[in-house]
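Report on one structure; see the data block that follows.
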């Protein structure tokens, strides 16, 4: 059953309440939302993460012999490469997030309130 927009908004608000330990309202909530990358950017990085996770799971399954492939064909150099790709992905995601946080901070520079 798909979530209604009101239920989705309520879920988002409850998640923010949990993360920050207090209710974000008004200007603080607006600044938080402005500091987040657009939805397609977040979806892209989520898709990258799940692809990376699937590769790691397949690699582990191959090493332990849970896949019908030769166990000797898996090396720790492959795991190192997979993890370096994951690290690069996280560094890029962090840079994108900081860019949007800076943009939001510059846009709301006149305000003195903080989270």
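Numbering (the numbering used here), first residue to last: -10 to 104.
In this text, a Cβ means the ideal position worked out from N, Cα and C, and glycines have one as well.
Item to check | Anticipated Cβ contact below 8 Å, residue 68 with residue 55, distance rounded | outcome: The count along the chain shown starts at 1 and reaches residue 68 at position 79. The count along the chain shown starts at 1 and reaches residue 55 at position 66. So it is not a contact: roughly 16 Å between Cβ atoms.
Next on the checklist: With the cut-off set at 9 Å, would you say residue 45 and residue 75 are in Cβ contact?
Outcome noted: Taking the first residue of the chain shown as 1, we reach residue 45 at position 56. Taking the first residue of the chain shown as 1, we reach residue 75 at position 86. Yes. Within cutoff.
Item to check | Option in 15, 18, 32 and 43 with minimal Cα separation from residue 82 | outcome: For the purposes of this step, residue 82 is taken as residue 93 along the chain shown, with counting starting at 1. With distances taken between CA atoms, residue 82 lies nearest to 32 out of 15, 18, 32 and 43.
Next on the checklist: Just to confirm my understanding: we take residue -10, look at its own chain, exclude 5 residues before and 5 after, and list those with CB closer than 8 Å. What are they?
Outcome noted: Along the chain shown, read from residue 1 onward, the residue named residue -10 stands at position 1. Annotation note: pLDDT 49 at residue -10 (below 50); position unreliable, no value reported.
Checklist entry - How many Å lie between residue 28 and residue 72 at the Cα? => result Taking the chain shown and counting its residues from 1, the one referred to as residue 28 is at position 39. Taking the chain shown and counting its residues from 1, the one referred to as residue 72 is at position 83. Straight-line Cα distance between these residues: approximately 26 Å.
Next on the checklist: By the three-class DSSP mapping on this structure, what secondary structure does residue 67 have?
Outcome noted: One-based indexing of the chain shown puts residue 67 at position 78. Looking at residue 67 - three-state DSSP - the assignment turns out to be helix.
Next on the checklist: With a threshold of 6 Å on Cβ separation, who are the neighbours of residue 26 within its own chain once the five nearest residues in sequence on each side are excluded?
Outcome noted: As a first step, residue 26 must be located in the chain shown, where it is residue number 37. Same-chain partners within the cutoff: 85 and 89.
Item to check | Reduced DSSP category for residue 14 - H, G, I as helix; E, B as strand; rest coil | outcome: Counting from 1 along the chain shown, the entry for residue 14 is found at position 25. Coil, per DSSP.
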